[in-house]
Structure formats: structure tokens, C-alpha cells
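Student: Chains as they are written, first to last, in the working numbering: chain A, 1 to 340; chain B, 1001 to 1291; chain C, 2001 to 2328. Every residue gets a Cβ at the ideal spot worked out from N, C-alpha and C, and that includes glycine.
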Amino acid sequence: MSVVASARNLSVDAARGRTWMRLVDPVDLDVHAGEVLGIVGESGAGKTLTTRALVGLLPRGTRAAGEVTLAGRTFDARAIPRQELGRTASVVLQNPLTGLSPLDRVGRQLTEGVVHLRLMSQAAAARRATELLERLGLADSARILRLYPHQLSGGMAQRVAIASALMPGPRLVVVDEPTTALDANVRIEVLRLISELGREAGSGVILVSHDLALVSRFCQRVAIMYAGRIVEQAAASDLRATARHPYTRALLNCEVSIQARSRASVPVIPGAPPAPLDWPAGCVYAPRCPHAWDDCVARRPAPVAPGARDAACHLARLPCRSGAPDVTAGPAGREGMPDA
Amino acid sequence: MTAPPVPRPHALRPWARLPLNAHPTLRLGLLILLGTLGVAAWGTVALPGAGQQDLAQSFLPPLSPGHLLGTDQLGQDVLAWTSAGIWVGLEVSLAVVSISAVTGISVGLCAGYFGGVVDALVMRLVDVCLSIPPLLVFVAAAALLRPSMLTLILLISVVAWLPYARLVRSVVLVERERGYLLAARLSGATRRRVLAGHLLPAVSTPVLVLSSLQAGYVLLWEAGLSFLGLGIRPPQHSLGYLIAEGRETLSTAWWVVVFPGAALALLVLAAHLIGDGLRDLVQQDVEILGG
Amino acid sequence: MSTSADVDRLETGQHRAGAGYARYVGWRLAQGVVVVFGAVVLSFLITNLSGNPGQVIGGSFLSPQQRQQIIDQLGYNRPVLQRLASYLAGAAHGDFGTSYQTGEPALRVVLTAFPNTALLIACAITLAVVAAVPVAVLSVLHRGSAGDRASRVVMMLAGALPDFWIAIVLVRLLSVNLPWLPAIGFTSPQSLILPTVALALPLIPAFVRLLRGALLDVVGQEFVTVLRSKGFRDRFIVAHHALRNALVPFVTLLAMQIGWLLGGTIIVEVIFAWPGIGSVINNAVQARDVAVIQAAVVVVACGYVLLNLAADVAVTLIDPRVRSGIRP
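(1) May I ask you to list, following chain order, the residues of the segment 93-117 of chain A that have a beta carbon less than 7 Å from some beta carbon of chain C?
(2) Within the segment 1109-1165 of chain B, note down every full alpha helix (DSSP H) run reaching 4 residues or more, in order along the chain.
(3) Say whether chain A places a C-beta atom closer than 8 Å to the C-beta of S2229 of chain C.
(4) So, at 8 Å on beta carbons, what are the nonlocal neighbours of E2352 of chain C in its own chain, with the 5 sequence-adjacent residues on each side left out?
(5) With three or more beta-carbon pairs closer than 8 Å as the criterion, would you say the segment 1159-1172 of chain B touches the segment 2299-2310 of chain C?
(6) Identify, in the order they occur along the chain, each residue of the same chain with its Cβ nearer than 6 Å to the Cβ of L93 of chain A, setting aside the five sequence neighbours on each side.
(7) Taking C-beta pairs closer than 8 Å, name the residues in chain C that A89 of chain A reaches, listed in chain order.
(8) For a test of the three-state rule: what should DSSP assign to F1259 of chain B, helix, strand or coil?
(9) Excluding the 5 residues flanking A2136 of chain C on each side, which residues of the same chain have their C-beta closer than 8 Å to its C-beta?
(10) Say whether chain B places a C-beta atom closer than 8 Å to the C-beta of A2039 of chain C.
(11) Given I1153 of chain B, which residues of its chain have a CB within under 8 Å of its CB, disregarding the five upstream and five downstream residues?
(12) Please say whether G198 of chain A and V36 of chain A have beta carbons closer to each other than 8 Å?
(13) Report the three-state DSSP secondary structure of A2132 of chain C (helix, strand or coil).
(14) Should T2029 of chain C be labelled buried (16 or more other beta-carbon atoms within 10 Å of its own) or exposed?
(15) Pull up the distance between the alpha-carbon of L2127 of chain C and that of S209 of chain A, whole angstroms please.
(16) Within 10 Å of its beta-carbon, does Q1076 of chain B have 16 or more other beta-carbons around it, so buried, or fewer, so exposed?
(17) Just checking: is the beta-carbon of V231 of chain A within a distance shorter than 8 Å of some beta-carbon in chain C?
(18) Kindly indicate the opening and closing residues of the alpha helix (DSSP H) around A123 of chain A.
(19) Short of 8 Å in beta carbon distance, which residues of its chain neighbour P1014 of chain B, apart from the five on each side in sequence? Order them along the chain.
(20) Between R105 of chain A and the rest of its own chain, which residues show a CB-CB distance below 8 Å, the 5 nearest in sequence each way excluded?
(21) Identify the contact partners of A1227 of chain B in chain C, using a Cβ-Cβ distance below 7 Å as the criterion.
(22) Under 8 Å, do T111 of chain A and Q122 of chain A count as touching if we go by C-beta distance?
(23) Sort A:S11, A:V160, A:V231 by Cα distance to A302 of chain A and report the nearest one.
(24) Roughly how many whole angstroms lie between the Cα atoms of L252 of chain A and A234 of chain A?
(25) For Q2069 of chain C, count the other beta carbons within 10 Å of its own beta carbon; 16 or more makes it buried, fewer makes it exposed. Which is it?
(26) Counting only beta-carbon atoms, is I1243 of chain B nearer than 8 Å to chain C?
(27) Considering only DSSP beta bridges, list what T19 of chain A is partnered with.
(28) With a 10 Å radius around its C-beta and 16 neighbouring C-beta atoms as the bar for buried, classify A74 of chain A as buried or exposed.
(29) Can you tell which of A:G137, A:P168, A:Q151 has the C-alpha that lies nearest to the C-alpha of R128 of chain A?
(30) Spatial neighbours of R18 of chain A within its chain, please: CB distance less than 8 Å, with the 5 preceding and 5 following residues excluded, ordered by chain position.
(31) Compare the C-alpha of R8 of chain A against each of A:A45, A:T51, A:G38 and name the closest.
(32) What does P968 of chain B reach in chain C if we use C-beta pairs closer than 9 Å?
(33) V2248 of chain C and L2315 of chain C - do their beta-carbons sit closer together than 8 Å?
(34) What residues of chain C sit near Q158 of chain A, judged by a beta carbon separation below 8 Å?
(35) Hey, out of A:R78, A:V190, A:C283, A:L152, whose CA is closest to A165 of chain A's CA?
(36) Any heavy atom of the ligand NAD closer than 7 Å to the beta-carbon of H1198 of chain B?
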């Protein structure tokens, strides 16, 4: 599969007074055509910043470093040309209604981007907008194009947002935390549409979320982020069974499903992720990891290789006679460990 | 039985940590204010009375011996007059701000806390009054009242309390949504204690910011009224009156207009800078405390 | 798939919206009426504050006999409540009494001068907005830079200068050196220039501040990120999309503060002898012409009601949400 977007040594710093504070340690990422890559992590883990840096949309007061490749062209992450971004990448944000300017009609907002970039004529853009809306299930597209955003229902707004993202035929679509959409079934519908349409068009999709279950359902590959770095990357189907990084295993344990019998307590991971100013010198998860040993505290694990099945964990990377090390076993009597 | 202490919200009281070296805007404002007041103090103390007229010395330019900023058509020393005008202006400003703050806070607290019909009526009235240009009211009223500093202060206060009421009310409405007021009442605090002990501190910071801005406006209003001859007149001194006096002879004796104007501008600028600085300081507090 | 539920919600939403807008307009008109009534009462209060206006009228220009004559003529010898009642009754017909100086109805004196003031204010506001927009846009585009901070200090300094001082200095600098710029009265179209500039200059810092705040609020919203992702340059986004969105809160805030901001109109008219309401008020005040003062207060209040209404209409034209009855 060809790579539509990739990042090498991508890091993000935030301005703090006169110095810069690192928020995302150097990460390497690859996104392939037709696949959905999920990036999962807690709030503050750096998922949104990483994806924004990938497409050159960092907010004021932050800066990126490293290299970004979009649709075959490589750029310095500090200066990704805006026009390039418009042609090759799109974002779909959390709340579709706030992603639309309240003053313009839907049709105008759908076509203005591609017309401004001279990707197609006004007439062609209008046709494409109509096609996309119908493909997304809005049969009354002609009327909807004339509406203002405040006249749309939540579901309609979501579809308009997706259509807007797909208008320029982007190679990369970043979907940011769709878990705040209005209804659960709307959310699932939206993700299904995005994956389908993305696959059809041969685009790569990045799905950012803190919901591991959602991501496993819709993504082919998953990257787990913790405290500003990618700690594991694997195929979604493999993840549940053979997760290697202790954090990933702990996350999987924390899932409470409706079918499970009620437990005495909801599993949690004790402790909290360190703030960027307090990142330890060694492995960033070591303070909370039940398997940490001297090497973990002293030496930071190398970043996860892009595209590969890898975990940034000394223990997980140890070659072991019996295959992958079993990190599920832990000290007895510990709250939150799995039953089986 | 005394009510047990209820945890207060982040008490945003700037005087608890006045880091004069931390905020440049605030620092600049205070610097300008103190500098101007210092010059005014020197002008009042070191020089003979401001009203001393000496026609032989009229229209002396600045840097003449004994008259640093020159003299006006009656031979009065401009620096002495400006200094006296600064003090008068400050007096009026402080008096108005005090009276209007107390009035406005009281009305705003009651309207915001007790709500209901009273709140609606009072706030409609405030909105209506706020949309009428204050200078118009001042001019019209000042003409028909016996001119004195007291009437001037009262007159300006009648308009100046309105922004306080509106501001305090909106702060109270926000604070009411938070749980701690209800908690205080449930643990036995009287309404009065809630108002005085909890809400007053909460509004103190925005009121402080507003007061510094209002002080500037009052200075300008007083000067404007005195300029039109409807405010403070000799034997009392006002910067506005001096400027009006110097208006005709502006081309020959520019110093009579420029220096009082500059003094006014510096004071108002200081007021704005201090107000902005305080506002930024509060926001920093909010950010540091997690908002 | 768009369900019929979606369509239903849309249809009923539109029905409700129509009713909401009509109610909003009605409410604004009612507020206007209240303001005007309040102004009428206020004008009466002002002129009766220090006792009977008959004592005050004419100041020191009238002899006691002339004063008594006028008191009898204009009915100032009646008790307060009776005067209030007849004043209110008269006000309802537009009769605010007679100017003792000219003998004309007070209202006519004021209304003759009203268009001049309206013209001046309209020009000043236009000039101030035209000047403030580029400054605010540039300030937002380059926020945090040294140039931006310097320009904000300059704005603050300009906003601290008393407006009458600016006016006088302006007269001195410009009309003396450029004699074709008239500084007194309304004799030709050029007469408009100096007073407009004098009135607009103190407005500009306030406008820049308001607009900049509104722009910053808009720029922080999510649709701006989406616009950036579509490939629009920041310059274009701020000057086009953000500006239009920011105009809505800007116009609303402006309408609320316009009374305070335009307080300097009286002074500017006096300095430039502009034949507007400000001059009328000043003359009436100097001569203690009570009837004209009362009429002027009411007319000015009406003017501000109209101005606020104009602002509301402007917001309606810009923002489609208001048309649907949704208050942003």
C-alpha cells in the first residue's frame, strides 16, 4: 500500500515565557492509502497536537519540528504551505456546527475552498457538493445547500462537515474526537461513512479518540499515545490479544462492557500521567508501570518505528525464547488486574 | 450557633499579591501616575499660590525664570495652576468613584442576588440610563444647579454608578450558579453574611478594574464641563477651565493649552494602564489557579 | 440518511423562528418607547432640580419685571405636579413649551438643528470605522509582535487625550496652516471635515479596542481552523470571514456604548460653532432657556433610540441567525 502521509521526528513545543516546553516527543507515523489509522490516548497525551502538526494547523504559541510528507511531497514541519494543506488534507472536527461559519450558506461554505484553490470551477464544485451530500444520505441536497448552519440538525451538520472535508479529494482526512457527536448511532454512522468513502477514494484516514473500543471497531491499525509519545503501534485485530506495552494492556483492562458481570470496583490505572514539565528521564510510563526495572528508569525507549508492529518498552522488546513476553502477569492482589 | 466556614472560591484579590515587578502595564501606569502626582506636588509646594496674578508677567513662555511652564494672560503660573487643577480633578474623581462604587455595588448585589421583578425593573432602568449620553445630562443639569464642587460630584455620581451596577449584577449572576453560595445558606449563613462575606470579595476585583477606568472618565467629564464653563470655576482651579481660557490665544501662547491637556492625558492614560494591568493580573490568577 | 424527522424539525423550527423574530422586534420597539418616556420625565426633573425653573430662567440677563412676565407667560407659577401633568400632556403632542428667547416652539428650535448633528455623527462614525478596521485587522494578524504592542500603546495614548483638547489643537494646526479648511460654522461641504475629524479621532481607539476583542473571539472559534485547513491564508480569513463574524458583536457593543462615546459631540459643536443640537443646548444653557433644554434632552434620547434601532437592523442584515429569531 502506498503511503499518503508520513511524519519523521515530528515534535511539538509550546511557548512558555521565554522558553519552549516539549509537548510531543519525536514521533514517526505512516498513513497508507485506504486505511484508517487510530490514535488513542488520554486527554493531554498529545494526539490532537500531533495530528495538527502533521497538517500544519498548530495553534499560535506552538511550534513543530521534523519532517512531514503529504501526498509524496516532503516539507519541513515548521512551514507546511497552506495551499498544499488545502489540496491534500482535510480535518473533521468534534462539533460540526461550530466548524461552520454562521454567516454563510452551506453551499457556499462547501464550494469556497476548492474554488479558491482553483481545483475546480464554481459549477463543478456545486455539482460535486451535491453528489457528496447525496452519497452521504442527504437526499434533499439542493435545499440543504441553500440553508444556513443554524438551520441544520446535528446529523445533517455532521454529514455536511464530512462532505466539506471530502470536497478537494484529499489524500489524508483527520477526524478529531468524533465522540462528542450528539447521538451514539449518529457517531457510528458518521465513522462508517468516513471509512467507506475514504477507502473508495484511496485516502488515508486518521481517527483521533480516547475511546479504544470505537477505534478498534473502525481502524485497521492503532497507535497508542501516552504523555506525548507513541507507546505502541499494532493492527487493530491484533491489539486486544497481543498488546505488548503495559499501558496498552492496562487500558484494555479498564474497559467496562455492558455484558460483563458487575465487579466490586471499576478498574483504574493508579496514578496519573506526568505533566510535560515533569517528564522523567527514562521511560515516561515507568512511574506507574508494575513491571518497571532499572533500565526503564534510566534509559528512554526508542520511538516506535512507523508502520511496524512495535512497542516503546524495554521489556516488550526483549527477545524472549518463548515469543512475546507475557506482561499480563502481575503482582497478586492488585486491584484492576484481569480476571482471566 | 455560628455557621461553619464554607470553602471559598479562588479569592481573586490582587492586593494579596501585588507583584509590582511582574506586570509591565501595571508598572507603567503606576509610574506615570506617581510621576505626574510628584510634579503636581512639587508645583503646589515649591511655587507660590496658583491664583497669583501679575499682569506684568503675562504670557511668558516656558523656561522663563521662575515660571517653568510659562504664564497665562493674567500672569498666573501655568505649572502652579496645572498642579492645583490636578489635585482638584483627583479630588472630584476619587469622590465620585467612591460614591458611585458604593451605590452601584449595593444596587447590583441586590438586583443580582434577589432577582425577580425588582431585578428586571432596575436593570431596565440602568440600561435605559446607560444609553443616554452622560455629558448631555451633565450639561443640562449643571446649567440649572448652583455651581459648586459638591453639586458637580453628586451630578457625575448620578451617572457613574450605572456601570458598577451592571457589572456587579453580572458577576453575582455567575457566582450564583456555583454551589458554594447554596452551601453557605444551607449551613446556616444569613443572607447578609452571604452577601458581605462571599459575594463582596468575589466582585471586589472586577470593581477595582472598573474603578480605575471610571476614574479616568470622571477626570475627562469634569474637565469637559469646566471647559464649557459649567463646572469648576475660579477661585477653584480646573484643567478644563485653563484650557478654555487659553483657547483664544492658542497660536501665540500654546503652553497654556498644551500643558494642562498633557497633564490630563497622562492621568487618564495612567488610569487606563492601571485598569488594564489589573485586569490582566486577574486573568493570570485565573489561569494559574486553573480557571 | 436524512430522515423525515430531520425535515420535520426543520419545518417546525422555521415556524417558531418567524414568531420569535417578530417578538424580538416588538420588544425592541417597546424598549424604545420606554426610553423616550423616561427621557421626557428626566428632562422635567433636570430643569426642576433646583426649584422652580422660573427662578433660573434667563440667568442674570433678565430684570425682575421681565422675569415675572415670563413666569406668568410660561406658567411657571403653578404647583409642581400641575406643571408636570401639563408638561407630559404637551409632550404627547410635541409641545415642549416655548423658547423665551425667540418665542418659537422649543421643539422646532431643536429639530431644526437635529439634521446637522445627525450628519456630523454619521460622518464621524463612518470615518472612525473605516480607520479602525485596518488597524484592528492588522493588530490581530500580528498580535504579540513588537509593532502590535507599540501600536496598542499609541492607541491608548490617543484614547487618553481629552476630545476637546484634540479639537482645539486640530483647529490650530490645520485651519491656520490650511486656510481653505473652514473652522467655524457650516458654510460649505468642506466645513464638515474638521469637526468630523475632531469627533472621530477619540472614537478610533475605542473602536479598535472593541473590534479587536471581537475579532480575537472569532479567531479562536473552530470554523477558523476548518478554514485554515481548506487552504485559506490567515490574512484572508481575518479580513473576510472573521471580520464579518466580528461585526455582529461589534455593532451590538457599539450601540450600547455609543452614548458614552459620543458625549463629546456637544463640545466639538461648540468649538467649531457647528449649528447642531450641541450648539443649541449650549446656547440654551448659557441663557437658561428651560424649554429648549427640555426639548433637547428628549430629542437626543429619541435620536439614540433610533441609533440603537439602526444597529439592530444592521445586525439583522449581517447575521442570518437573528432573522430566524435566534439571539446569538
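Tutor: Straight from the coordinates:
(1) Taking 7 Å as the Cβ-Cβ cut-off against chain C, the residues of the segment 93-117 of chain A that qualify are L93, N95, T98, G99, L100, S101, P102, L103, G113, H116, L117.
(2) Listed in chain order, they are 1116-1130, 1134-1144.
(3) The residue you call residue 2229 of chain C lines up with position 229 of the third sequence. S2229 of chain C counts as touching chain A.
(4) Coverage of chain C is limited to positions 2001 through 2328, which leaves residue 2352 of chain C absent and any answer about it impossible.
(5) The segment 1159-1172 of chain B makes no contact with the segment 2299-2310 of chain C; the number of CB pairs closer than 8 Å stays below 3.
(6) Position 93 of the first sequence holds residue 93 of chain A. So the list reads G99, D176, once near-sequence residues are dropped.
(7) In the first sequence, residue 89 of chain A corresponds to position 89, counting from 1. Neighbours of A89 of chain A in chain C, taken as residues at a C-beta separation under 8 Å, are given in chain order as S2229.
(8) Here residue 1259 of chain B refers to the residue found at position 259 of the second sequence. Looking at F1259 of chain B - three-state DSSP - the assignment turns out to be helix.
(9) Residue mapping note: residue 2136 of chain C aligns to position 136 of the third sequence, counting from 1. The residues are F2207, V2208, L2211, R2212, L2215.
(10) To locate residue 2039 of chain C, count along the third sequence from 1; it is residue 39. Interface residue, yes.
(11) Here residue 1153 of chain B refers to the residue found at position 153 when the second sequence is read from its first residue. Excluding sequence positions up to five before and after I1153 of chain B, its CB lies within less than 8 Å of the CB of V1092, A1095, V1096, I1099, all in the same chain and listed in chain order.
(12) Along the first sequence, read from residue 1 onward, the residue named residue 36 of chain A stands at position 36. Along the first sequence, read from residue 1 onward, the residue named residue 198 of chain A stands at position 198. Taking 8 Å as the Cβ cut-off, V36 of chain A and G198 of chain A qualify as a contacting pair.
(13) As a working mapping, residue 2132 of chain C is identified with position 132 in the third sequence. Of the three classes helix, strand and coil, the one that applies to A2132 of chain C here is helix, per DSSP.
(14) Here residue 2029 of chain C corresponds to residue number 29 of the third sequence, with the count starting at 1. Before going further, note that residue 2029 of chain C is Leu rather than Thr in the sequence given. An exposed status is given to L2029 of chain C, since fewer than 16 other beta-carbon atoms sit within 10 Å of its beta-carbon.
(15) As a working note, residue 2127 of chain C is residue 127 in the third sequence. As a working note, residue 209 of chain A is residue 209 in the first sequence. Spanning the two alpha carbons is a distance of roughly 50 Å.
(16) Along the second sequence, read from residue 1 onward, the residue named residue 1076 of chain B stands at position 76. Buried, because 16 or more other Cβ atoms sit within 10 Å of the Cβ of Q1076 of chain B.
(17) If you number the first sequence from 1, residue 231 of chain A lands on position 231. For V231 of chain A, the answer is no, since every Cβ of chain C falls outside 8 Å of its Cβ.
(18) Residue 123 of chain A sits at position 123 when you count from the first residue of the first sequence. 122-135 is the span of the alpha helix (DSSP H), which, as asked, contains A123 of chain A.
(19) For the purposes of this step, residue 1014 of chain B is taken as residue 14 along the second sequence, with counting starting at 1. Below a pLDDT of 50, predicted positions are generally treated as unreliable, and P1014 of chain B, at 44, falls in that range; the measurement from the model is reported next regardless. T1205, L1208, L1278, L1281, V1282, D1285, listed in sequence order.
(20) Position 105 of the first sequence, counted from the first residue, corresponds to residue 105 of chain A. So the list reads L145, R146, L147, Y148, once near-sequence residues are dropped.
(21) For this step, residue 1227 of chain B is matched to residue 227 along the second sequence. The sequence shown places Phe at residue 1227 of chain B, not Ala. Around F1227 of chain B, the beta-carbon contacts reaching into chain C at under 7 Å are F2164, I2267.
(22) By 1-based counting over the first sequence, the position of residue 111 of chain A is 111. By 1-based counting over the first sequence, the position of residue 122 of chain A is 122. Result yes, Cβ atoms of T111 of chain A and Q122 of chain A sit closer than 8 Å.
(23) By one-based count along the first sequence, residue 302 of chain A stands at place 302. Closest option to A302 of chain A, Cα to Cα, is A:V231.
(24) Position 252 of the first sequence, counted from the first residue, corresponds to residue 252 of chain A. Position 234 of the first sequence, counted from the first residue, corresponds to residue 234 of chain A. Each residue's CA atom was taken as its position, placing L252 of chain A and A234 of chain A some 14 Å apart.
(25) On the third sequence, residue 2069 of chain C is found 69 positions in, with the first residue counted as 1. When all chains shown are included, Q2069 of chain C counts as exposed.
(26) As a position in the second sequence, residue 1243 of chain B is number 243, starting the count at 1. Under the Cβ distance rule, I1243 of chain B counts among the residues neighbouring chain C, one pair being separated by less than 8 Å.
(27) Translated into positions along the first sequence, residue 19 of chain A becomes position 19. The bridge partners DSSP lists for T19 of chain A are A:R16.
(28) As a first step, residue 74 of chain A is located in the first sequence; it is residue number 74 there, counting from the start. Reading the sequence as shown, one finds Thr at residue 74 of chain A and not Ala. Result: exposed.
(29) The residue you call residue 128 of chain A lines up with position 128 of the first sequence. It is A:P168 whose Cα lies nearest to the Cα of R128 of chain A.
(30) As a position in the first sequence, residue 18 of chain A is number 18, starting the count at 1. Apart from the 5 residues on each side of it in sequence, R18 of chain A has no Cβ closer than 8 Å to any other Cβ in its chain.
(31) Position 8 of the first sequence holds residue 8 of chain A. Per the C-alpha coordinates, the member of A:A45, A:T51, A:G38 positioned closest to R8 of chain A is A:T51.
(32) Residue 968 of chain B lies beyond the residue range present for chain B, which begins at 1001 and ends at 1291; the question has no answer from this structure.
(33) For this step, residue 2315 of chain C is matched to residue 315 along the third sequence. For this step, residue 2248 of chain C is matched to residue 248 along the third sequence. Per the sequence shown, the amino acid found at residue 2315 of chain C is Val instead of Leu. Going by C-beta atoms, V2315 of chain C is nearer than 8 Å to V2248 of chain C.
(34) Along the first sequence, read from residue 1 onward, the residue named residue 158 of chain A stands at position 158. Within 8 Å Cβ-Cβ: nothing; Q158 of chain A doesn't reach chain C, min ~11 Å.
(35) As a position in the first sequence, residue 165 of chain A is number 165, starting the count at 1. Of A:R78, A:V190, A:C283, A:L152, the residue nearest in Cα terms is A:V190.
(36) This structure simply doesn't include the ligand NAD, nor any ligand for that matter.
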